[in-house]
DNA sequence: AATGAATGAGGGTTCATTCAT
DNA sequence: TATGAATGAACCCTCATTCAT
C-alpha cells in the first residue's frame with residue numbers, strides 16, 4: 001500500500017482521470033460529482049478540496065488531457081525521419097492511433113462538441129494551444145513538401161484540414177455509432193492515404209516516393 | 223390571429239422547431255423544457271400535451287429532422303445531371319451547403335455526438351435510416367464512376383467516407399469553434415474537391431472531365 | 445340511442461356515478477378529473493358544466509350516495525314485520541348486504557375515512573343526516589325490545605353500536621384486504637347474530653324467539 | 667446541542683415519526699414531502715438521504731409502526747394472568763387503549779384504508795405480519811376458553827372478529843367524526859364486554875367468572 | 001352543451017455545494 | 001485531508017381549471 005503522502009500527491013491526477021472518463025461517458029451536464037468521486041475512489045467532498053467547482057474540474061480535465069496530447073504529438077512528429085510523404089504518412093498513422101484506437105483523442109473531440117458551447121474560454125484556449133498548433137504542424141509539413149517540389153503547391157493553404165479530416169471523421173463515427181459501426185479500419189486508412197497522396201504528389205514527388213521503397217503495406221507504388 | 227384549429231395543427235411542428243434549436247444550442251441535459259416552451263411561444267405544460275416526456279421530445283425532434291434531411295438529399299441527388307465527377311462535385315457542394323452554411327446538418331451531428339450516448343435506439347435508427355442510406359448514395363456514385371472507367375476502382379470500398387469527411391470535418395470545426403474559426407470556405411471546398419478528384423480520377427476520367435467543359439465555378443480544369 | 449334531451453338530463457347522474465367509482469377506487473387526491481370524465485364518457489370540461497370544482501363534485505357525490513342509502517335503509521326497516529329480535533336480525537342482514545355484498549356502503553365508509561379529514565362540513569352533514577339517524581333506528585329498535593321485555597335493558601345505551609360493529613368491521617376488512625381475505629361470510633354473520641342475541645335477550649325474549657318459529661334461514665333456534 | 671453523529675443515528679426515526687403524523691393527518695397523496703420535512707425539522711432533500719421515494723417512506727413508516735404495535739400486543743398478552751374470560755377482558759381493554767385512546771392504532775387503520783389500495787404488497791405484508799397474528803392471538807384465547815369449558819364452542823370459528831369488532835368500530839368513528847362524536851367511552855366499553863361475555867360464556871364459565879371475584883370495574887357479575 | 005388545447009401553480013426528485021466532524 | 005449529512009435551488013412532470021370554438 002502506498003504511503004499517505006504518496007497517495008496524496010496522486011489524488012488530483014486520479015480525480016482528473018476519473019473526471020475525464022466520466023465526462024466523456026455522459027457529457028458535462030449528465031455527469032454527477034458523485035460519479036466522478038466514485039470512479040476516483042473518494043467521496044464528493046474530497047473533490048472540492050482540489051477543484052473549486054464542477055466547471056473548474058471540467059476545464060482542468062480538458063486542459064490537462066489536451067496538453068498531454070499535444071506534447072505527445074509534437075514529440076512524435078519530431079522523431080519522424082524521411083521525405084515529406086513519409087512524414088505525412090507517419091503523422092496520419094499516428095493520428096489514427098490517437099483518434100481511432102485510443103479513446104482519448106476521440107473523447108476529447110466529443111467533449112468539445114458536447115460541452116464546448118458552455119465553456120467558451122476553454123474552447124478558445126483549446127483552439128490556441130491545441131488545435132492551431134496541431135494543424136500548424138501539418139501545414140508546415142505540407143509547405144516543406146511543396147517547397148521541396150514533392151507536393152503540389154496549390155493545396156498548401158487548406159490541405160492540412162483535408163488531409164486530417166478522414167481520421168477525425170472516423171473518430172466521429174466511432175463516437176456516435178460506437179463499436180456497432182462495422183468498418184475495416186486498416187483498409188479505410190490505406191484508402192485514405194492512397195487517395196490523399198495521389199491527390200497531393202507532383203510527378204517528381206511520386207518518383208521520390210517510389211524510389212524510396214515499396215511503400216508501407218506492400219501496396220503498389222502510388 | 224389564427225383560428226384555434228389552425229394553431230393546433232401547427233403546434234407540434236412549432237414545438238419541434240423550438241426543441242431542435244434549444245437542444246442544438248445547449249444539449250439535451252442542459253436544455254430546460256421551459257426553454258423549449260418559451261421558444262415555441264407556449265408554456266411548459268403545453269409541450270406535454272404533444273410529447274410524453276423530454277426524452278420523447280428529443281427523439282421525435284431528431285427523427286423529424288433527420289428524415290427531412292435525408293429526403294432532401296435524395297431528391298437533390300436524383301436531380302443532378304452529368305458524368306460521375308460532375309455528380310460527385312455537385313453532391314459535395316450540396317453537402318457543404320447543408321453542413322456548413324445551414325446549421326441543421328451541423329447541429330444534427332452535434333446532437334448525435336452530445337446526446338446519442340443516452341439514446342442508443344435513436345442512434346441505431348439514425349444509422350439505419352439516415353447515415354447508411356446517405357453513405358450508400360455516395361458509394362453508388364463512386365461505384366458507377368468506377369464502372370464507367372472514370373474513377374480508380376481501388377477506392378470504391380471506402381472512398382465514400384474519405385470523400386465526405388472534409389465536409390463533416392468543416393462542420394465539426396464550426397460546431398466547436400463557431401464563427402471564431404477564420405477559414406475561407408470557398409477556397410477550402412475548392413481545395414477539397416481538387417484534391418479528391420485528383421486522387422480519384424483515372425487518366426480517362428480526367429480527359430472526360432476537361433472535355434466536358436470549363437468546370438463548374440470557372441476554375442481551371444483539374 | 446337516447447335523444448339528446450334525454451342524455452342531457454341524465455348527465456349529472458352519470459357523472460356522480462362515475463365520480464363515486466373513481467373516488468372510491470383511489471381516494472380524492474389521487475383521482476383525476478380526467479379519470480371521472482373518462483368513466484362518465486365525457487370530457488373534463490363537461491364536468492365543470494355541472495360541478496364547480498373537484499371539491500364540490502366530491503361533496504355532492506358523497507351526499508347523493510349517503511342520502512340514497514339512508515332512504516333505502518329507512519324503507520327497509522319500515523317494511524320488517526315481527527318481534528324485536530326478528531327485526532334486529534333482519535336489519536343486520538340488510539346491513540351486511542349493503543356493507544359486505546354491495547360495494548356502495550363499504551366504499552362510502554372508505555371515502556369518509558380517506559378524505560373526510562379534508563371535508564369537515566361534509567363529515568358533519570354525514571353525521572347529522574346519515575350516521576345519527578341510522579344509529580337511531582337501531583337504538584329505537586333496541587329500546588322497543590327492552591320495553592317489551594325481550595332485550596336486557598342495560599344494553600340500550602350503547603347496544604346499537606355494538607350490534608352494528610361486526611358488519612362495519614367486515615366492511616373494513618374487505619376495504620383493506622379485498623378479496624384476498626378468506627372468510628366464510630355466511631358463518632361469520634351467523635356467529636355474529638348468535639353471539640349478539642345470546643348476549644341481548646332476556647329469558648323471556650329467548651322464549652318468544654324460539655316460540656316464534658324456526659328462525660329465518662332455517663337455522664336452529666338460538 | 668447533540669453531536670452530529672448522534673443526530674444522524676436519530677434522524678431516520680425522527681423522520682418516520684414525522685411521516686406517520688403527516689400521512690395520518692392528510693393521507694398519502696395529500697401529504698407533501700415538505701410537510702414531513704418540516705415536522706421532522708429538516709429540509710425536503712434530507713429525507714431523500716434516508717428514503718428513496720415518497721412511496722418507500724410510506725411503506726417503511728407503516729411497517730415500522732405496525733411491527734412496533736404487534737410486538738407490544740404480544741408482550742401485553744403474554745403478561746396477562748387469569749382465566750379465559752379475564753384474559754379476554756384484559757386484551758380488549760388493551761385494544762381500546764391502543765385504538766381509541768392512542769392515535770397510533772387508529773391512524774394505522776386509517777392509513778390502511780386510505781392508501782392501502784395503492785400499496786398492495788404493503789397490505790399483504792400487513793395482513794401476514796400484523797393482522798393475522800393479532801387475530802390469531804384472540805382466536806387462541808377463545809379456543810383455550812372453549813377447551814376449558816368456559817366459552818361456548820360454536821363461536822370459536824369467527825368469535826375473534828366479532829369480539830374485536832366494537833373496538834375497531836369505535837376507532838373508525840373517532841377517525842371519521844373525531845372528537846365531535848359525543849360518546850361515553852367507559853360505558854361503551856363496559857357494554858361491549860358485558861354483551862360479549864354474556865354471549866360467549868357457558869353456564870360453567872359464568873360460574874367461574876363470578877367465583878373469580880366481583881369483576882373488574884365493580885360491576886355486578888355478568 | 002361540450003370539447004380539448006392551453007395555462008400555471010405545485011409537488012417529487014436530483015444534485016452541486018457546504019461544513020461540522 | 002477527507003467524510004457524508006444536510007441544504008436549497010432547479011427541473012421534470014401533473015393536473016385542476018379556463019375558455020375559444
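Residue numbers (the numbering used here), protein chains in the order written: chain A, 1 to 222; chain B, 223 to 444; chain C, 445 to 666; chain D, 667 to 888.
Backbone N, C-alpha and C fix where the C-beta goes; we use that ideal spot for every residue, glycine too.
Of all C-beta pairs linking the segment 761 to 777 of chain D to the segment 834 to 853 of chain D, three or more are shorter than 8 Å, placing the two stretches in contact. No Cβ of chain C is located within less than 7 Å of the beta carbon of residue 699/D. Among the CB atoms of chain D, none fall inside 7 Å of the CB of residue 532/C.
Identification of residues in the segment 89 to 104 of chain A having a C-beta nearer than 9 Å to some C-beta of chain B yields an empty set.
Distance between residue 168/A and residue 281/B, taken at the CA atoms: about 26 Å. Annotated as proximal: residue 192/A and residue 384/B, with beta-carbon spacing under 7 Å. In the three-state DSSP reduction, residue 645/C falls in the strand class (E or B). Residue nearest to residue 159/A within the set 69/A, 11/A and 199/A is 199/A (criterion: CA-CA distance).
Within the DSSP bridge table, the entry for residue 151/A names 201/A as partners.
Near chain B, meaning a CB-to-CB distance below 9 Å, the residues of the segment 114 to 139 of chain A are 114, 115, 116, 117, 118, 120, 123, 124, 126, 127 and 131.
Scanning chain D for C-beta atoms nearer than 7 Å to the C-beta of residue 509/C yields nothing, as the closest lies near 15 Å away. Scanning 796/D, 869/D and 692/D for the CA closest to the CA of residue 621/C turns up 796/D. Taking 7 Å as the CB threshold, residue 177/A lines the interface with chain B. Contiguous alpha helix (DSSP H) elements confined to the segment 788 to 838 of chain D occur at 798 to 813, taking only those with 4 or more residues. For residue 527/C, the secondary structure class from DSSP, reduced to helix, strand or coil, is coil. Between the segment 133 to 150 of chain A and the segment 50 to 66 of chain A there are fewer than three C-beta pairs closer than 8 Å, too few to call the two in contact. When the Cα atoms are used, residue 201/A and residue 424/B turn out to be separated by approximately 15 Å. Per DSSP, the unbroken alpha helix (DSSP H) holding residue 773/D starts and ends at 770 to 781.
In the three-state reduction of the DSSP assignment, residue 254/B falls in the coil class.
Residue 531/C sits buried, since 16 or more C-beta atoms from the chains shown fall within 10 Å of its C-beta. Contact annotation: in the segment 598 to 613 of chain C, residues whose CB is within less than 8 Å of a CB in chain D are 598, 599, 601, 602, 603, 605, 606, 608, 609, 610, 612 and 613. The Cβ of residue 649/C sits no closer than 7 Å to any Cβ of chain D. Residue 77/A is positioned such that its CB atom lies no closer than 7 Å to that of residue 135/A. Taken through DSSP and simplified to helix, strand or coil, residue 235/B comes out as helix. For residue 47/A against residue 417/B, the beta-carbon gap comes to about 47 Å, at or over 8 Å, which does not count as contact. The beta carbon of residue 538/C sits closer than 6 Å to those of 520, all from its chain and outside the five residues before and after it, given in chain order. DSSP places residue 487/C in the coil class of the three-state scheme, outside both helix and strand. For the C-beta of residue 860/D, the chain C residues within less than 8 Å are, from N- to C-terminus, 598, 599 and 643. Taking a beta-carbon distance threshold of 7 Å, residue 30/A counts as an interface residue toward chain B. Straight-line spacing of the CA atoms in residue 97/A and residue 430/B works out to 39 Å. Residue 187/A reaches chain B at 379 and 380, counting residues in chain order whose Cβ is nearer than 7 Å. Under a criterion of Cβ atoms nearer than 8 Å, the residues of chain C adjacent to residue 838/D are, in order, 553, 557, 612 and 616. Among the residues facing chain C, residue 693/D is included, as its CB has a counterpart in that chain under 7 Å away.
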